[in-house]
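Written below as structure tokens is the structure these notes are about.
Residue numbers (the UniProt record's numbering): 1 to 129.
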């Protein structure tokens with residue numbers, strides 16, 4: 001799914017990955033005015049999109065069926081090192097965050113529930129580095 005925007009070719013491109021459709025819709029809606037946004041409901045679906053186009057940032061939920069977000073973001077870091085990465089988790093687990101920052105070289109993380117301004121600040125911060 002693509003969030004429409006007339007100048008999408010000049011905007012930073014973000015891939016949001018989450019198995020919760022409602023969260024995908026909310027995050028895409030919040031980001032679409034300032035970014036070109038694609039969404040995927042699984043790591044496998046995200047892999048297809050990553051093979052088709054460049055993304056400046058990937059935001060991935062941690063707990064998803066078939067593959068955890070950390071494993072997926074580690075693969076993104078390996079194959080697309082210039083792509084920034086943010087991990088989303090339902091609970092703040094310092095050990096997970098520390099491990100994820102080391103293994104997947106995260107640009108940041110978000111803890112659900114995610115407020116709109118928190119999302120925008122995390123994205124802006126990740127893209128600024």
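Beta carbons are placed, not taken as given, at the ideal position from N, Cα and C, and that holds for glycine.
Taking one beta carbon from each stretch, the region 43-53 and the region 23-32 have fewer than 3 pairs nearer than 8 Å; the two do not touch. By the CB criterion at 8 Å, residue 35 and residue 14 fall inside the cutoff. Judged by DSSP secondary structure, residue 40 falls outside any alpha helix (DSSP H) and instead within the beta strand (DSSP E) spanning 36-40. Counting the other CB atoms within 10 Å of its CB gives residue 38 a total of 16 or more, which places it among the buried residues. Residue environment analysis places residue 103 among the exposed positions, since fewer than 16 neighbouring C-beta atoms fall within 10 angstroms of its C-beta.
DSSP places residue 51 in the uninterrupted alpha helix (DSSP H) bounded by 43-52. DSSP assignment within the UniProt domain "Response regulatory" (13-127) yields the following whole beta strand (DSSP E) runs of 3 residues or more, N-terminal first: 13-17, 36-40, 57-61, 84-89, 108-111. Nearest to residue 109 by C-alpha distance, out of 11, 66, 57, is 57.
Distance from the CA atom of residue 17 to the CA atom of residue 73, rounded to whole angstroms, is 10 Å. Residue 12 and residue 86 have their C-alpha atoms roughly 15 Å apart. Under a 10 Å Cβ-count criterion, residue 116 is classified as exposed, with fewer than 16 other Cβ atoms of the shown protein chains found around its own Cβ.
Closest in C-alpha terms to residue 79, from the list 127, 112, 47, 27, comes 47.
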